[in-house]
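Residue numbers (this note's numbering): 3 to 157.
Next up, the structure:
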């Protein structure tokens, strides 16, 4: 309460004195404070991460994708790419969790299902992998990654 009272008192002192108000207003005109929202920061981090991912810098990409997810967890592709980068780092359990979050947001995305199938294969969960590939193929019968994943079961 003391802090709030201090700021109110300070504001009153400035606003009630014409000279102090004029000085305050002039200071504001010189400052171009631009506050960036979490959503905007998430977009920036995601774009940086995509660049790192394309350059095969998966460690930095996963950090940046993780930041994007933290800043805006409502975007499925942030989780998806976070999972892809974690998979490249062989952090399969974390990759699986990220891909599952992407699917929770967008449950009918064949790309997400196919990649989750590969993570399940890497974890040794063969039945889950097959199920993911089959779901992806039901959604998109010509899905290349899911079709390649199903070839594992035809050996």
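We put the CB at the ideal spot given by N, CA and C, even for glycine.
Remember, it's a predicted structure, so these values are computed and weren't measured experimentally.
Identify whether residue i lies in helix, strand or coil by the three-state DSSP scheme.
i	result
residue 81	helix
residue 155	helix
residue 18	helix
residue 123	helix
residue 118	helix
residue 160	Because the chain spans 3 through 157 in this model, residue 160 falls outside it and cannot be assessed.
residue 33	Low per-residue confidence applies at residue 33: pLDDT is 49, beneath 50, and the placement is therefore not dependable enough to give any value.
residue 113	helix
residue 93	coil
residue 27	helix
residue 144	coil
residue 39	coil
residue 87	helix
Starting from residue i, follow the alpha helix (DSSP H) in both directions and report where the run begins and ends.
i	result
residue 60	60-73
residue 137	128-141
Comparing alpha-carbon positions, which option in the options lies nearest residue i?
i	options	result
residue 82	117, 128 and 69	117
residue 94	126, 11 and 152	126
residue 154	143, 122 and 50	122
residue 147	54, 124 and 120	120
residue 103	78, 112, 90 and 110	78
residue 69	53, 59 and 80	80
residue 110	139, 50, 129 and 100	139
* Asked: Should the stretch 128-145 be called in touch with the stretch 96-116, which here means at least 3 C-beta pairs below 8 Å?
  -> yes
* Would you be able to state if there are at least three C-beta pairs under 8 Å between the stretch 71-82 and the stretch 37-52? => yes
* State whether the stretch 50-64 contacts the stretch 85-95, with contact taken as three or more CB pairs (one from each stretch) at a distance under 8 Å. => yes
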